[in-house]
Structure formats: structure tokens, C-alpha cells
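Peer 1:
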Amino acid sequence: MFRRLYAILLLSSSVTMEKIDELDRKILRIITQNARIPFKEVADQCGVSRAAVHQRVQRMYDIGVITGSGYYVNPKTMGYQLCVYIGLTLEKGSMYNKVVAELEKIPEVVESQFTLGGFSMLIKLYAKDDAHLLYLLNSKIQEIPGVAKTETLTSLEQRIRRGFPIPMENDEE
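Okay, so the sequence shown: first residue is 431 according to my numbering, each after it adds one.
#1: When you compare the region 477 to 488 with the region 500 to 519, are there three or more beta-carbon pairs, one atom per stretch, that lie closer than 8 Å?
#2: Would you tell me roughly how many angstroms separate the C-alpha atoms of residue 551 and residue 529, rounded to the nearest one?
#3: Can at least three beta-carbon pairs, one atom from the region 449 to 456 and one from the region 581 to 595, be found at a separation below 8 Å?
#4: Based on the DSSP secondary-structure assignment, which residues constitute the bridge partners of residue 633?
#5: How many Å lie between residue 439 and residue 458 at the Cα?
#6: Tell me where the alpha helix (DSSP H) around residue 543 begins and ends.
#7: For the alpha helix (DSSP H) containing residue 527, list its first residue and its last residue.
#8: Bridge partners for residue 585 per DSSP, in chain order?
#9: In terms of alpha-carbon separation, which member of 567, 538, 579 and 512 lies closest to residue 549?
#10: Determine the closest residue to residue 535 out of 555, 493 and 546, with distance taken between C-alpha atoms.
#11: Got a sec? Which residues, its chain only, sit under 7 Å from residue 524 by beta carbon, not counting five neighbours each side?
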């Protein structure tokens, strides 16, 4: 199953890479630095029309290069004082989809990754305080069928937050 999934991902990523040219990359670099920048300014920086930028961005949405947009909200301003990462060990890797479906029902869980290494999964969540975190762990996450063990890491401070770096075609590794 994993070989088939890997082959599909590899094929889809190589197909997408062929459709992205230098102008697309330049547009991506600009809009990932400032999602609120008007297309007119992007067009001016790229030396093309606003319509060309709009068409390129729409095409990148359509082929899955751009997967969303939005604003960052500071969780502390909403009363969530704790940011934690929780390593989950599953009873069986095949339970992953069912566990994810249950995690999606917990609004405080903002990210999940299926991982290799010490944990089956790594999730990120926000909690209001220690009591809220304890509730989420004991009454929600650890009650999910298939979750065998959890290990919690508390984030004290986030210093780096950025999107994926957009390489240009001529960038050297």
C-alpha cells in the first residue's frame, strides 16, 4: 500500500513541477511573503499584467501548488496559553485513518503528521491552560481507539514561522 501511495505522490509531484515555470515561482515567492499584496503590485514586480498574475495564481490553485490562504491568529489573544506537540503511538499503523478522523473532531488539534521514528503520529494543539490540556489528553485523545501511548512536548516560544521556500529553477543545491 505504501509503495503504491509513494508512486502516486512521486508521479503527481513530478507532473506538477513540469507545469511551474520561473514566472510562477516568482509570483509564489512574492505572495507567500505577503498574502495580502494586491495582484497589481505582484504584476508590477514581475513585469506582467494583473490579469496574467490572476490567471497564474488560479491555475496554481487548480493544479494543487497553492493549497489555501488565510490569516494567522495569535492563539494567546483567544485565551489559549499552551501550544503543545503530542507524539502518538498507535496500536497498528493501519488505524491511522480512523485515528485522524477522531482527531479532526477535536478543534484544538490544529495539525497532524503521520511520521516515521519514535511515534506513529505527531499532532499540534492549543489548550487554554493545564487543566484544559489534561482534559484533552485524558478525555479526548487517549480515549481514541487505536491510540496506545502519548508523549507531550510543551512549546515555550515560537521564533521561526514561515512558509515553504520557493526555489527558482536556477537555484543551486
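We put the beta carbon where it would ideally sit given N, CA and C, even for glycine.
Peer 2: According to the data block:
#1: no
#2: Between the alpha carbons of residue 551 and residue 529 lies a gap of roughly 10 Å.
#3: no
#4: The question about residue 633 has no answer here: the residues shown for the chain are numbered 431 through 603.
#5: Here residue 439 scores only 47 on pLDDT, less than 50, and its place in the model should not be relied on; the value that follows carries that caveat. Note on geometry: alpha-carbon atoms of residue 439 and residue 458 lie some 21 Å from one another.
#6: First-last for residue 543: 539 to 544, but that is the beta strand (DSSP E), not the alpha helix (DSSP H).
#7: Annotation for residue 527: the continuous alpha helix (DSSP H) segment containing it runs 526 to 533.
#8: 513
#9: 579
#10: 555
#11: none
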